[in-house]
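Participant:
Protein chains in written order, with our numbering: chain E, -18 to 327; chain H, -18 to 327; chain C, -18 to 327; chain B, -18 to 327.
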């Protein structure tokens, strides 16, 4: 089958063997859409090459990538009977398969599962074979390009859960990419006030306003901290989400945090980046700093929340699998909120 | 000054002495709007008569009522300097003045303040004298009829806080009065899914839909429990708010609660009403039952949230103070979401 | 093998087929100790007879019972490799096997798992075959009679978690049986102050004092509510756990609850018992009422907490399996904190 | 009256005017005991000199210090009637007086009160005049040296509240001074398992063991991180409290944190110290980093918790006020858990 693979360097559409159901608990899915996550960029930049070597990929071997996809069930294993799945069902999926047995799974912390299987097969190919646990049915009338966003939505929802927002909380978001635009909508859905997006790209600021931001700040053309303090009457924001991945943005985010506020670092930063946390300031600010890793226990709510989210700007940049390079280039241009590969056309 | 007073029985617009600043920490406010709360109805039905006798009201003495109002500052005591209030400022108020010293105030539970002063002067008169603690400035461009809703909004926000909603939580609200319609909007602002309002009055169901309900149920013309379970795919709601005050509705609310769900009794029920809690069922359901009493620590966020709330249907039923009987009759008809008295016209 | 079975009516030690590993994910355990839970009494009173008929038990068929046990691994399935279990390991177990796939498991609510397998084999027999998920290794030097208490400890810990205790919270416990005595110790371990146990049996009150209760109340010889309010200076308790199963105790527990307090009904009450919740009183009290069903995600912490718990009074009432009637009679006498069957002697 | 004052440089026992009740809401207290807090050391090192200049202290003027004390009521203002205080009552106090009116007070965040009065008079003198809000009665049979510890206990309790400990949580504490030893006891009171104290002073490690630590680590003579990971079976601690103020300890604390764990920086670090937070590591660890500033809403529970705390090692280093230099030197030696000045002897 065709699969977009990481080739060390670069990505290509490659023919690889079609996966087949190997255990009775598995389900085979024909992929409809698969989208690019910012972490894929870190991968194709080579940051995970050591890991790939370790798990057995030799030079020249294609490495299937991607972990955001939707599609249609084509086969169901004999013991995959819990969810009532059958051929033809529209589904989305979660890329992590948790063991359910280890210390962390038994402790209610699946995100740290010691036996997690995360990357058995990439999402950017024609077919995937998944454990039934990972497959989630969506409504028959749910468009599959929208359903493709369940995974990024789930992890953003977890970030919102952990920030303990309440109606009227003042919220700022740094970065208007896919994650930022989901966090924006989720913050709005959580009753945020003075909802502010900090983003240098003009088009993305306009999209942010159309998705519910009350304010946007261009950090390249003004003093972002000053502007943020002006918006909040000098109090700062109750919660700030850093989703740009830029070092300078981290400092801005910390400075615009209200006393008693939450700061969530949501992006993947360059390896080894250390944020200098001023402990004297932090003490008086009584802040909380958090990160979010994976999204366990979230999919039922994430699927319910798909209906609450405007995904128009997430599904309007589709590329054919054979144009995968153009798709990645478009993502790297920084303009699209989300880039998606369309596997529905033959 | 003119004041709408409870006369045991009935309400009348009565001339009573205008209150004056008696302590340097006080602020005098000219009332613009004052609205009817369901609890006022309990008062004029005589349910608090014993209390009034106890605190010194003799037969025939007018009893000022009301605790939801907005207005304009007319005088500021010499020690009321914390909030920068000055004559002409638009304000709203919270009817409870907390002592800040007792066990509960020091324990972070102002709502149980042992020295609370709640009803020094009713809100339904031309002037109020308040402690600075109770007075909250609103933006200059905030309409005062909207600002009048800060108190009911604050208590509904507290109810929402205590229900631990998350984006995607399934929520139902029983009763489409002022409280129900605020809870509805706050639940929507909290990311509720399958948001359902149960309300027998057709006009109110229409308003509920216009304010964001995804479903409405008429409990008089259909099997409300069956309908609710159909909407939720047999799972029930994660949070149910009972805001109708009707006994039968309490049972419905319990039955449509999901496993692990929250049930909040938000109305004032007839004195002595005991809800029969089936402990065997409750055990398997692992439900949480809560009530909400007052709204301490809420006003800064409530005022921020005024901008997030559609109040059109709350401010469209205004009466002149001299037509107070008609105003109360309108409330009792069950049609208006909210009834308001307009003290701005001379 | 020998197994204590419910015979409708009565319990008997019966010869039943020894279970064998049927799936590669399973583990076989030789039981050392199995203890009586209050819910077993409900079973042998016939309250679950309809259920047993439904799942296929015909008249006269022995029904294996029990869900609290410890023992030694005797065989490990070829795919039961996550926990490093091997023959000879000391273990305890959790009687529920969760599917990990259904709506509730994926929603972080294993306690409501739609495919839970709870009673494949009773704990009160010589051998059990369990899924690896259910088996938990304990330290080599952990006495197995103590390890037998992991399950009741886990469910009490969940009750304590849900009550949101903080150091200095005032806590009362109604009922000094196994559950009450564990709640007592856990409340103490949570920093409870004025820790009070309400229990009519003199011996149990003495044990409660020895395990850390600051006060005990005999509800049969004094006005329990009055006494509780005296102890708490009129404020009542921040959290009250009802673990006696007695109807009258439920009312006492409600009345001694502080404003803003938590009331947890922890016992199994007679089918259909409805606790009359006075909504007017509840409103002013702003109480929270909860129940606790099962103990998902708890075993790693429960096993850690075994070291923090004094179990002397839980392991001092041991009976031989062939004396099972005497064991149950001892439990029914209300004197022992816990009754245990010893399967270690041949 | 005699008062231990900061003299820029050094401390001296100085005669200063005795404070008198100036407002009817105030209470005058004769001090019995006053203790040294680590923050006093920062003061006498000159770190707050700029602040003192700003608020009007000229060179040579004595600056009263201290904020931990107990004593006896000697006079009560005419409006200080809420708490039933009368001359002769044993009391302790909280050094912050909150306005109850500003944004933060109304938002349930007294710790950020914009009008807080924190240092009207130092605690290390013969008399204090306080607002009734700040004065807390203790039981008649409570020793006043023990009562002197209410304030440090209150702030440690707040730190424990914010760390969301549960029974069985694995906890480590870095630093065995007054704060560390209170955190240790509170962690134990919260059901901590594998409770570990990291402290270089042998005497303090012994005290830690006597107060309930299960393990102690000398960071100067062994690999503290390796030792901590050995104790926790490689998992790390669910919560780590840094209370030593040492830079190197901060790094150790971060490294021994479990996945999903809480790290609280509890000490005051040298001005400008920036802790380098490795965001890549932090992401996978999904940690929470917090600080604790002040202890609002805590005193009722802190006073209840005095009975739960062993204070023997806190009250055994008493100095006469005239020996204040020796007292501070003793504190600086690092040996005593707490140093206290005894104002009870004439």
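All residues carry an ideal CB built from backbone N, CA and C; glycine is no exception.
Where residue 173 (chain C) and residue 139 (chain B) are concerned, what is the direct C-alpha to C-alpha distance, given to the nearest angstrom?
Facilitator: Within the third chain, the letter at position 192 stands for residue 173 (chain C). Within the fourth chain, the letter at position 158 stands for residue 139 (chain B). Cα to Cα, the separation comes out at about 15 Å.
Participant: Is any beta-carbon of chain E found at less than 8 Å from that of residue 148 (chain H)?
Facilitator: Here residue 148 (chain H) is taken as the residue at index 167 of the second chain, counted from 1. By this cut-off, residue 148 (chain H) is an interface position.
Participant: Find the residues of chain E that neighbour residue 347 (chain H), judging by a C-beta separation of less than 8 Å, and give them in chain order.
Facilitator: As shown, chain H starts at -18 and ends at 327. That puts residue 347 (chain H) outside it, with no answer to give.
Participant: Which stretch, first to last residue, makes up the beta strand (DSSP E) that contains residue 7 (chain C)?
Facilitator: On the third chain, residue 7 (chain C) is found 26 positions in, with the first residue counted as 1. Segment 7 to 16, the beta strand (DSSP E) holding residue 7 (chain C).
Participant: So, does the CB of residue 138 (chain H) fall closer than 8 Å to a CB anywhere in chain E?
Facilitator: Here residue 138 (chain H) is taken as the residue at index 157 of the second chain, counted from 1. Yes, contact with chain E.
Participant: Going by the DSSP bridge assignment, what does residue 117 (chain C) pair with across the sheet?
Facilitator: In the third chain, counting from the first residue as 1, residue 117 (chain C) sits at position 136. Paired residue(s): C:73.
Participant: Given residue 21 (chain C), which residues of its chain have a CB within under 7 Å of its CB, disregarding the five upstream and five downstream residues?
Facilitator: As a position in the third chain, residue 21 (chain C) is number 40, starting the count at 1. Correct list, in chain order: 46, 47.
Participant: Need the endpoints of the beta strand (DSSP E) that residue 258 (chain B) sits in, please.
Facilitator: Within the fourth chain, the letter at position 277 stands for residue 258 (chain B). Start and end: 255 to 259.
Participant: Does the beta carbon of residue 230 (chain C) sit closer than 8 Å to a beta carbon anywhere in chain H?
Facilitator: As a first step, residue 230 (chain C) must be located in the third chain, where it is residue number 249. Taking Cβ atoms only, chain H never reaches closer than 8 Å to residue 230 (chain C), which makes this a no.
Participant: Specify whether the segment 269 to 279 of chain E and the segment 243 to 254 of chain E touch according to this definition: at least 3 beta carbon pairs, one from each stretch, less than 8 Å apart.
Facilitator: Output reads yes: the segment 243 to 254 of chain E touches the segment 269 to 279 of chain E.
Participant: For a contact defined as C-beta to C-beta under 8 Å, what are the partners of residue 303 (chain E) on chain C?
Facilitator: Stepping through the first chain from its first residue, residue 303 (chain E) is reached at position 322. The contacting residues do not exist; residue 303 (chain E) stays about 35 Å from chain C at best.
Participant: Please return the same chain residues whose Cβ sits closer than 8 Å to the Cβ of residue 342 (chain B), not counting the five positions on each side in sequence.
Facilitator: Outside the modelled stretch of chain B, which goes from -18 to 327, sits residue 342 (chain B), for which no answer is possible.
Participant: Is the Cβ-Cβ distance between residue 300 (chain E) and residue 322 (chain E) less than 8 Å?
Facilitator: By one-based count along the first chain, residue 300 (chain E) stands at place 319. By one-based count along the first chain, residue 322 (chain E) stands at place 341. For residue 300 (chain E) and residue 322 (chain E), yes; Cβs fall inside 8 Å.
Participant: Helix, strand or coil: which one does DSSP assign to residue 152 (chain H)?
Facilitator: Taking the first residue of the second chain as position 1, residue 152 (chain H) is located at position 171. Three-state DSSP puts residue 152 (chain H) in a strand.
Participant: Please state the DSSP three-state secondary structure of residue 201 (chain C).
Facilitator: As a position in the third chain, residue 201 (chain C) is number 220, starting the count at 1. Three-state result, residue 201 (chain C): coil.
Participant: Extract the residue ranges of the beta strand (DSSP E) inside the segment 24 to 66 of chain H, only unbroken runs of 3 or more that lie entirely within it.
Facilitator: Complete beta strand (DSSP E) runs here, min 3: 50 to 57.
Participant: Along the chain, which unbroken stretches of the alpha helix (DSSP H) at least 4 residues long are found entirely within the segment 211 to 255 of chain C?
Facilitator: Whole alpha helix (DSSP H) segments, 4+ residues: 228 to 236.
Participant: With 8 Å set as the bound, which would you pick, yes or no: does the beta-carbon of residue 256 (chain E) sit closer than that to a beta-carbon of chain C?
Facilitator: In the first chain, residue 256 (chain E) corresponds to position 275, counting from 1. Answer no: the Cβ-Cβ gap between residue 256 (chain E) and chain C never drops below 8 Å.
Participant: For chain H, check one thing: does any of its Cβ atoms lie closer than 8 Å to the Cβ of residue 211 (chain C)?
Facilitator: Residue mapping note: residue 211 (chain C) aligns to position 230 of the third chain, counting from 1. Output row for residue 211 (chain C): interface = no.
Participant: List the DSSP bridge partners of residue -7 (chain H).
Facilitator: What you label residue -7 (chain H) is simply residue 12 of the second chain in a count that begins at 1. Bridge partners of residue -7 (chain H): H:-14.
Participant: Do residue 72 (chain E) and residue 12 (chain E) have their CB atoms nearer than 8 Å?
Facilitator: Along the first chain, read from residue 1 onward, the residue named residue 72 (chain E) stands at position 91. Along the first chain, read from residue 1 onward, the residue named residue 12 (chain E) stands at position 31. No, the Cβ-Cβ distance between residue 72 (chain E) and residue 12 (chain E) is not below 8 Å.
Participant: Determine the burial state of residue 95 (chain C): buried for a count of at least 16 other Cβ atoms within 10 Å of its Cβ, exposed for fewer.
Facilitator: Indexing the third chain from 1 puts residue 95 (chain C) at position 114. Classification for residue 95 (chain C): exposed.
Participant: Need the endpoints of the alpha helix (DSSP H) that residue 323 (chain H) sits in, please.
Facilitator: Taking the second chain and counting its residues from 1, the one referred to as residue 323 (chain H) is at position 342. Note, residue 323 (chain H): premise wrong, no alpha helix (DSSP H); beta strand (DSSP E) at 321 to 323.
Participant: Looking at residue 170 (chain C) and residue 195 (chain C), is the spacing between their C-beta atoms short of 8 Å?
Facilitator: By 1-based counting over the third chain, the position of residue 195 (chain C) is 214. By 1-based counting over the third chain, the position of residue 170 (chain C) is 189. No, Cβ-Cβ distance for residue 195 (chain C) and residue 170 (chain C) is not below 8 Å.
Participant: Against chain D, which members of the segment 99 to 124 of chain C pass a CB distance test of less than 7 Å?
Facilitator: Within the model displayed, chain D is absent; protein chains E, H, C and B are what it includes.
Participant: Tell me whether residue 169 (chain H) sits in a helix, a strand or coil according to DSSP, three-state version.
Facilitator: Translated into positions along the second chain, residue 169 (chain H) becomes position 188. DSSP places residue 169 (chain H) in helix when its eight states are reduced to three.
Participant: Does chain H have any CB closer than 8 Å to the CB of residue 280 (chain B)?
Facilitator: Locating residue 280 (chain B) in the fourth chain gives position 299, where the first residue counts as 1. So yes, residue 280 (chain B) belongs to the interface.
Participant: Report yes if the C-beta distance between residue 250 (chain C) and residue 260 (chain H) is below 8 Å; otherwise report no.
Facilitator: As a working note, residue 250 (chain C) is residue 269 in the third chain. As a working note, residue 260 (chain H) is residue 279 in the second chain. In contact: residue 250 (chain C) and residue 260 (chain H) (Cβ atoms closer than 8 Å).
Participant: Which class does residue 315 (chain H) belong to by DSSP, given the choice of helix, strand or coil?
Facilitator: Numbered from 1 along the second chain, position 334 holds the residue referred to as residue 315 (chain H). Three-state DSSP puts residue 315 (chain H) in coil, outside helix and strand.
Participant: From what residue to what residue does the beta strand (DSSP E) around residue 271 (chain E) run?
Facilitator: Position 290 of the first chain holds residue 271 (chain E). 269 to 272 is the span of the beta strand (DSSP E), which, as asked, contains residue 271 (chain E).
Participant: Going by the CB atoms, is the gap between residue 113 (chain H) and residue 178 (chain H) shorter than 8 Å?
Facilitator: Mapped onto the second chain, residue 178 (chain H) falls at position 197. Mapped onto the second chain, residue 113 (chain H) falls at position 132. Against a cut-off of 8 Å, the Cβ pair of residue 113 (chain H) and residue 178 (chain H) comes out as no contact.
Participant: In this structure, how does DSSP classify residue 89 (chain C) when only helix, strand and coil are distinguished?
Facilitator: Here residue 89 (chain C) refers to the residue found at position 108 when the third chain is read from its first residue. Residue 89 (chain C) falls in the coil class under three-state DSSP.
Participant: Anything in chain H within Cβ reach of residue 186 (chain B), meaning under 9 Å, just list it in chain order.
Facilitator: Along the fourth chain, one-based indexing puts residue 186 (chain B) at 205. The premise fails here: residue 186 (chain B) is roughly 36 Å from chain H at the closest Cβ pair, so nothing lies under 9 Å.
Participant: Tell me which residues share the same chain as residue 166 (chain B) and place their Cβ nearer than 6 Å to its Cβ, disregarding the 5 neighbours each side in the sequence.
Facilitator: Your numbering for residue 166 (chain B) matches position 185 in the fourth chain. Within the same chain, residue 166 (chain B) has close Cβ partners 192, 290.
Participant: For residue 108 (chain H), write down the residues that DSSP places opposite it in a beta bridge.
Facilitator: Position 127 of the second chain, counted from the first residue, corresponds to residue 108 (chain H). DSSP, once it has assigned bridges, lists H:11 as partnering residue 108 (chain H).
Participant: Spell out whether any CB of chain B is found under 8 Å from the CB atom of residue 252 (chain E).
Facilitator: Counting from one through the first chain, the residue named residue 252 (chain E) turns up at place 271. Yes - at least one Cβ of chain B is within 8 Å of the one on residue 252 (chain E).
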